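Engineer:
Chains as they are written, first to last, in our numbering: chain V, 1 to 112; chain S, 1001 to 1112.
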């Protein structure tokens, strides 16, 4: 079945530690996106990539990094520079027609 | 800063009633508009997309778009308890490629 897989579902980070969230899609979509959602809030755009080997910063890119070496994969690294990383992280992909996205099931990151 | 505004709610309606959800956006150049439904703890699910002024119907859902007023709405007819969720309005703005900007969402509660 086609879809987007995010892993892990839950992730715990210690202070000063970098962690990487995985996002893989088999929908053959060119564009992929990372969003962050805090309780009671909407989705805020972190990074997006419209093509392999290219990506752009969203509204809240500070403290995050991404790579897009393969069409299927768009991992997000939460660095130690991100001071408040506890949130629900959502990955999405979109096709060439500019329609709506398909979302993965999300990763819930908690700082311990 | 391009914005998408929604009333946070909660919006409470009895079973069988019509629920009306509203959204305004600031980017006059926006061309694509979407409604997502998000159940608690889950990822958003696309339920409607609209690109032209007027109404678009899909089952119990009707999306309405008025670009002159920069306003998009979602009507849910014959509301069911299973419709209880947060509804996110999303807009594709002209300055962010294919990325969507989301509102904070409106929480809908349908009582039986």
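Ideal placement from N, C-alpha and C gives every residue a C-beta, glycine not left out. From a predicted model like this one, the values you see are computed outputs, not experimental measurements.
Between residue 1104 of chain S and chain V, is the shortest Cβ-Cβ distance under 7 Å, so that the two count as touching?
Structural biologist: So yes, residue 1104 of chain S belongs to the interface.
Engineer: Taking a cut of 7 Å between CB atoms, which residues from the stretch 1047-1063 of chain S lie near chain V?
Structural biologist: The residues in question are 1049.
Engineer: So, helix, strand or coil for residue 59 of chain V, using DSSP?
Structural biologist: If DSSP states are grouped into helix, strand and coil, residue 59 of chain V belongs with coil.
Engineer: Do you know offhand how far residue 61 of chain V's Cα is from residue 1107 of chain S's?
Structural biologist: Their backbone Cα atoms lie some 27 Å apart in a straight line.
Engineer: When burial is assigned at 16 or more other CB atoms within 10 Å of the CB, is residue 14 of chain V buried or exposed?
Structural biologist: Exposed is the call here.
Engineer: Just checking, does the stretch 55-70 of chain V make contact with the stretch 1021-1029 of chain S on the three C-beta pairs under 8 Å criterion?
Structural biologist: Flag = no, the stretch 55-70 of chain V and the stretch 1021-1029 of chain S do not touch.
Engineer: Look at the alpha carbon of residue 1073 of chain S and the alpha carbon of residue 92 of chain V, and state the distance between them as a whole number of angstroms.
Structural biologist: Residue 1073 of chain S and residue 92 of chain V: Cα-Cα distance of roughly 23 Å.
Engineer: Determine the DSSP secondary structure at residue 1026 of chain S, reduced to helix, strand or coil.
Structural biologist: Here residue 1026 of chain S sits in coil by DSSP.
Engineer: To the nearest angstrom, how far is it from the Cα of residue 1062 of chain S to the Cα of residue 1087 of chain S?
Structural biologist: If you take the alpha carbons of residue 1062 of chain S and residue 1087 of chain S, they lie about 13 Å apart.
Engineer: Closest to residue 1007 of chain S by CA distance: which of S:1021, S:1017, S:1050, S:1015 is it?
Structural biologist: Closest option to residue 1007 of chain S, Cα to Cα, is S:1021.
Engineer: Tell me which residue opens and which closes the beta strand (DSSP E) that residue 6 of chain V is part of.
Structural biologist: Here the beta strand (DSSP E) through residue 6 of chain V covers 4-7.
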